Amino acid sequence: MNAGKNTPPNPSTFSPLTRDPGDVWVVHGHAEVIACASDPERFSSRVSRHLQIPNGLDGDEHRRFRNLIEQFLNPQRVNGYQPLFEYVAETLVSGLPRSSPIEIISRLGSRLAVRAQCGWLGWAPELEQPLLDWMKDHREAARTNDLKRLALGAARFDAMVQDEIERHRGPAPQGGTWTDAMSDLLAVRVEDPDSAEGRRLLTDKERISILRNWVAGDLGSIADSVGVIAHQIASRPEIQCEMRNRLSDRHALIRGIDELLRIDDPFLTNRRITTCPVKLSGQQIPAKAKVILHWADAGRDPRVFPNPDSFEPERSAPKNIVYGAGPHICPGRTLATIQLAAAVRALLSGCPWIRLADTPNSRRAQLPTGGFEEAWIVLEQDTPS
Ligand code: HEM
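According to the numbering used here, the residues represented by the sequence shown are 25 to 409, in order.
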């Protein structure tokens, strides 16, 4: 078993590949995870019987849907939302109490994620509370592996999305026109060699699958990321000072955020299935084997990061794989980065010092979820003497 977060790594006992009792192969090594993620022909993403666009697709089908999705998530398009995300983050932080404990994931992470999401998709602001309730329920169901509750949650989520699709089919508010990502998703055409024009509109089932991927993935990962970032800033003064120094340089700030996510990656794993027998790290994996790519362990592989807890953004950047690798690499990286930079800027500019709360204690999330269940910090009104 490999060292987890905050356990000193031992390169001589680090196993790049392990096989767990359920006959699942877990890839922990940095080079090995990249090798699997970059080899979709042998490590297929078709791991679920449910339609998952684009993450559950392979080959040309993946490429066609991926091209469509990148139109929505490319930097030119999402950079336009930076002022909105900064406004949301500043408003939320200015409303937080000073000098008393606050649970930062629920007070900032989840709310920022939901408001930013509703903003860029053009969803009704009234969805904020139902989405927050849904996130809480989904998290609890995932933590307890309650399959029935997860299925009910998925159905509730799909119904919410279907309602928004119908609303966007109707007239825009105040006699205007729809100008958001959601309305573009109704009009966009996917490449399809079987259709007469070579392109066709999406079906509602495909739209819901795409939105489920964006929304469910986005909300959870942004909220959890705010938790691990704030916790490290509050618990390690040297990191807090370094992050404050980076506020004047956007790129340096983003490299700092990426490094905090590498040190304590809340987005732990993704699945693959082998299409043929494969040799990896000296071991023979059979065909049709379940494989887990462990991004969080790979980001702490002691052969690549000899001191994985050390904060060295510039050194780590070229090897940072928090957002994945290969053809399925995260297309939402810019969107996530803008939201996280807005959160960090609002927190650090909004108060002179942040520390961990004495009580309540922060609680780590339980597998399969990464990051924290609760991260308690205090926004101080003065710097420590
Ligand atoms: C801190 C936040 C985030 C992290 C750490 C993260 C991480 C990742 C990783 C590691 C993958 C690769 C999955 C694989 O190879 O199987 C991925 C894929 C993906 N991410 Fe993110 N993500 C984040 C935020 C977002 C956001 C904001 C969006 C969009 C709104 C998004 C949309 C997606 C999609 C659609 C895929 C699947 C891509 C494909 O299959 O081609 N992610 N993400």
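Cβ atoms here follow ideal geometry from the backbone N, Cα and C, with glycine treated the same way. Only a predicted model underlies this, so the values are computations on that prediction, with no experimental measurement involved.
Query                                                                                                                                          : Result
Between which two residues does the beta strand (DSSP E) holding Q308 run?                                                                     : 307–309
Taking the continuous beta strand (DSSP E) assigned at F396, which residues delimit it?                                                        : 396–398
For G348 and R260, what's the separation of their Cα atoms in angstroms?                                                                       : 26 Å
From the DSSP output, in three-state form, read off R327 for me.                                                                               : coil
Do the segment 54–67 and the segment 291–298 touch if we need at least three Cβ pairs shorter than 8 Å?                                        : yes
Who are the Cβ neighbours of L75 in its own chain at under 8 Å, not counting the five residues just before and after it?                       : K229, E230, S233
Taking the C-alpha atoms as reference points, what is the distance between Q141 and L116?                                                      : 15 Å
Exposed or buried, what is C424 when buried is set at 16 or more other beta-carbons lying within 10 Å of its beta-carbon?                      : Missing from the structure shown is residue 424; the chain here goes from 25 to 409 and no further.
If you drop the 5 nearest sequence neighbours on each side, which residues of the same chain put their C-beta closer than 7 Å to that of R224? : R213, V214, D216
In the DSSP output, what is N16 paired with across the bridge?                                                                                 : Since the first residue of the chain shown is 25 and the last is 409, residue 16 is not available in this structure.
DSSP on W49, reduced to helix/strand/coil?                                                                                                     : strand
Should R379 be listed as close to the ligand HEM, given that the test is whether its C-beta is under 6 Å from any heavy atom?                  : no
According to DSSP, is T42 helix, strand or coil?                                                                                               : strand
At a cut-off of 6 Å, is C142 close to the ligand HEM when judged by its beta-carbon and the heavy atoms of the ligand?                         : no
Hey, could you find the ends of the beta strand (DSSP E) L380 is sitting in?                                                                   : 377–380
Could you tell me which residues DSSP pairs with S68 in its beta bridges?                                                                      : I297
If you count every other CB in all the chains shown that lies within 10 Å of the CB of R286, and 16 or more means buried, which is it?         : buried
Alpha carbon to alpha carbon, how far is W147 from S373?                                                                                       : 29 Å
From the DSSP output, which residues share a beta bridge with K160?                                                                            : In DSSP, K160 forms no bridge with anything.
Where are the beta strand (DSSP E) runs, 3 residues long or more, that stay fully inside the segment 86–145, in chain order?                   : 125–127
In the DSSP output, what is E404 paired with across the bridge?                                                                                : W377
Under the assumption that F291 contacts V346 (Cβ atoms under 8 Å), give the Cβ distance between them as a whole number of angstroms.           : 7 Å
The ligand HEM and G356: does the residue's C-beta get closer than 6 Å to at least one heavy atom of that ligand?                              : yes
Which residues share a DSSP beta bridge with L225?                                                                                             : R213
So if DSSP puts R387 in a beta bridge, which residue, or which two residues, is it bridged to?                                                 : E398
For A258 versus R379, is the C-beta spacing smaller than 7 Å?                                                                                  : yes
What residues are listed by DSSP as bridge partners for K303?                                                                                  : Q308
If you run the structure through DSSP and keep just helix, strand and coil, what is G200?                                                      : coil
Over the uninterrupted alpha helix (DSSP H) stretch that includes K172, give me the two end residues.                                          : 171–193
Considering just the uninterrupted stretch of the alpha helix (DSSP H) at L285, what are its terminal residues?                                : 274–287
Could you round the C-beta distance between Q363 and I246 to whole angstroms and report it? I think they count as a contact, below 8 Å.        : 5 Å
Let me know the secondary structure DSSP gives A27 once reduced to three states.                                                               : Low confidence applies to A27: its pLDDT is 46, below 50, so where it sits in the model is not reliable, and the reading given next is rough at best. A27: coil per DSSP, three-state reduction.
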